[in-house]
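Residue numbers for the sequence shown follow this note's numbering, so the first one is 403 and each next one is one higher.
Even for Gly, the Cβ is constructed at its ideal location relative to N, Cα and C.
Note sheet for the following structure.
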Amino acid sequence: MVLVPLVIVGTVTFRNSYNTLEEISKQQSAHIAQGLAGMIRITLTKELAIVSALAGDPVIVREVSRGRYKDIDAKLGDIFKKIGTDYEGLAVLDRDGNVRSEALDKRRIGIKLRERDYFRAARAGKANIGTPVESKASGQPIIGICAPILGENGEFIGAALAVVKIDFLIDQISSIKVGETGYPFIVDARGIVIAHPNREFILRTDMSKEEGLEEISKQMLRQQTGAVEYTFQGKKKVAGFAPIAMTGWSVGVTQDKDEIMALAYSNRNFILIISGVFLGITILAVFSFSRSISTPIEKTLSTLNKAVEQAAEAFVIIGVDRKVRYVNPAMARIVDQQPQELIGREPLLDSEKQVAKEEIWSTVEEGKIWAGCLSGKRKNGANYVMEVTITPVRDEKGALSCFLEIGRDITNELRMEAQMRQGQKMEAIGTLAGGIAHDFNNILGAIFGYTELTILSLGNRIKSIGFLEEILKAAGRARDLINQIMTFSRSSEQEHKPIVPKYIIEEALKLLRSSLPATIKIREEIRSDASIIGDSIQMHQIIMNLCTNAGHAMGGKDGILTISLDDMDLDENFSRLHGDIKPGRFLCLRVADSGCGISPEVKERIFDPFFTTKPQGEGT
């Protein structure tokens, strides 16, 4: 009777520890593979940068364009002395793929490489890393890193080539130890092993054709990131893998499953031994051995529990009934609630990107991993945002047993991003001030002009009053511009009112007539007196700026400035082509001039801050 509960407890404990260790081992393998992939990508990027710099060296470009390759030998020799001993060759090729200069072995001059994949890619204008091959000279695995050499007009005139020994990649991955049986390896885009602790596998093993490696090979060749369990040469293994950017290669990290599960197997064997002893001893012996059985199990569970309890990341275990079973202290701190307040409730799944809660559940209940950002509000009213990954956990039969949510608080990171955006907005005030200064020039011109006219016409007081009223209008517009700056700095909305563009256009043209040369004829085609909701000062600014620029475009010569205002009905077809405009009745304002127009080169930079083609003093 005592043995039965012991076996049940032991079996449950073994299964829980087995599933947990298996899931953690897969995540660790994938993380190690991602780290190695990033390290190798950085190394290859540096090598590619060296070759690209060599291809762009002005001396080499000049000598290649002149066909004087002998003068390049000394420069290649100096470069080789600086970059180290991981190279089997450093060469310059002509446009036909022939080796014309070589830093290490002059006997290679004349070798034809036009059919090599790295030369074909370079000829197409792309710096690249070639397919790993075995060196005919040394018998060692090598890769070609090639970059195009371009002439003065951008034409292809040759290529710079570095032949790199793969040994440096082997040394890098061999330095990573994964337990007693684990090791990393690299396969290329064909599935061929190019780096492995056992050199007999390098360039001689095609993973896709090895029995037991079909699934992991398929996922690695698809450039996927993840972890799988497989059997190779009679041994069960767990491997994580990740793609290496730029290359089409993939790095894997594998380890014997028996080593990973040693702790779980140890507990299982211990329980079996104790159970066997219980068959031959008395009830008294059962009680005497009970503590010996529970102690190692408790230590194992205690170690796992402490690791999760003290982790900085949030850990949440969710049952298949969508109820929280466990939360660690980190999760409780992030959401500002006690663990007991969260257990037994549905987890907080409010997505930062407005992903529906049911969509998240649908993903994980299908056995897929969901990753994203969740947000919520703490008790003190403060908002928080978490970056989380929810992973389905399966039992030995493949059925879902629970979900593991791991997350970290990114609230402060997002707050810093928001502060940076606010700083950029404040920088935009400088750009705004430049545009407002342009408008002040026009307004002040009107103020000075009408003031001078008032002085000259003091004899006619009624006429003087009219001039003074115009001065007041111009000063009012100046005040509105100042209000615009204040509105921007307070991040508040501007006040929109009903306005009649016809009258604003007429007023603006009255001011423009005195500032534009007499050689420019102003043609008014105002065919609408409809009103709109808007800001009169902004409308005035738009008209003044467009017409002033038109005047500058005509350069003081004879020209015609045409301003038209028409009613326009926009239908559904127009709305479909311009998604931000709804069908309806609109006003169409056109400003046209007979000036020089805008060249294609200037059009490309028309929205660059502070860019102008005008000399100082002409509208700048």
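- Membership of Gln625 in any beta strand (DSSP E) is not indicated, and neither H nor E is assigned to it by DSSP.
- Non-local beta-carbon contacts of Gly721 in its own chain, meaning distances under 7 Å to residues more than five positions away in sequence, involve Arg727, Cys804 in chain order.
- Residue pairing of Phe643 in beta bridges, as defined by DSSP: Gly628, Gly654.
- By the 16-neighbour rule on beta-carbons within 10 angstroms, Met818 is exposed.
- Looking at Thr627, Ala493, Thr422, Glu871, the one whose alpha-carbon comes closest to that of Asp475 is Ala493.
- Cβ contact annotation for Ala848 (same chain, cutoff 6 Å, sequence separation greater than five): Ala876, Leu913, in chain order.
- Here DSSP, grouped into helix, strand and coil, assigns Tyr471 to coil.
- With fewer than 16 other Cβ atoms from the protein chains shown falling within 10 Å of its own Cβ, Leu874 counts as exposed.
- Pro903 counts as buried, since at least 16 other C-beta atoms from the protein chains shown sit within 10 angstroms of its C-beta.
- Between the beta-carbon of Thr627 and that of Gln436 there is about 6 Å, and that keeps the pair under the 8 Å contact cut.
- DSSP places Lys984 in the coil class of the three-state scheme, outside both helix and strand.
- Annotated as proximal: Val565 and Glu490, with beta-carbon spacing under 7 Å.
- Where Glu909 is concerned, there is no enclosing beta strand (DSSP E), although the alpha helix (DSSP H) around it starts and stops at 903-917.
- Counted as a single uninterrupted DSSP element, the alpha helix (DSSP H) harbouring Met946 occupies residues 938-956.
- Counted as a single uninterrupted DSSP element, the alpha helix (DSSP H) harbouring Lys659 occupies residues 659-662.
- Between Ile845 and Arg879, the gap from beta carbon to beta carbon is short of 7 Å.
- 7 Å or more divides the Cβ of Ala641 from the Cβ of Ala549.
- In the same chain as Phe521, and ignoring 5 residues on each side of it, the C-beta atoms closer than 7 Å to its own belong to Leu495, Gly499, Leu515, Cys548, Ala561, in chain order.
- Fully enclosed alpha helix (DSSP H) runs of no fewer than 4 residues occupy 460-468 of the segment 419-473, in order along the chain.
- Using a C-beta cut-off of 8 Å, the segment 440-459 makes no contact with the segment 532-540, since fewer than three inter-stretch Cβ pairs fall below that distance.
- Using a Cβ distance threshold of 7 Å, Gly593 and Asp608 count as a contacting pair.
- Contact annotation, Leu963 with Arg925: C-beta distance approximately 7 Å; criterion of less than 8 Å satisfied.
- Distance from the CA of Phe976 to the CA of Asp969, rounded to the nearest whole angstrom, comes to 15 Å.
- Contact check between the segment 737-744 and the segment 762-769: fewer than three CB pairs, one atom from each, fall below 8 Å, which does not count as touching.
- Beta-bridge partners of Ile792 (DSSP): Trp772, Glu807.
- Straight across, the Cα-Cα distance linking Gly783 with Val630 is about 43 Å.
- Shown here, Pro741 sits in a helix according to DSSP, grouped into three states.
- Here Arg497 has Phe558, Ile559, Gly560 as same chain residues with Cβ atoms under 7 Å from its own Cβ, once five neighbours each way along the sequence are excluded.
- Uninterrupted alpha helix (DSSP H) stretches at least 4 residues long and entirely within the segment 470-557 occur at 472-485, 519-525, given in chain order.
- Assigned with DSSP and collapsed to three states, Lys567 falls in strand.
- Taking C-beta separations shorter than 8 Å and ignoring five residues to either side along the sequence, the partners of Ala732 in its chain run Ala713, Ala714, Glu715, Ala716, Phe717, following chain order.
- Judged by DSSP in its simplified three-state form, Val1004 adopts helix.
- When C-alpha distances from Leu438 are compared across Val653, Lys483, Val595, the shortest belongs to Val653.
- Taking a contact as a CB-CB distance under 8 Å, the pair Leu802 and Thr793 does not count as one, their CB atoms being some 11 Å apart.
- Assigned with DSSP and collapsed to three states, Ala758 falls in coil, not helix or strand.
- Beta-bridge pairing by DSSP links Asp971 to Arg987.
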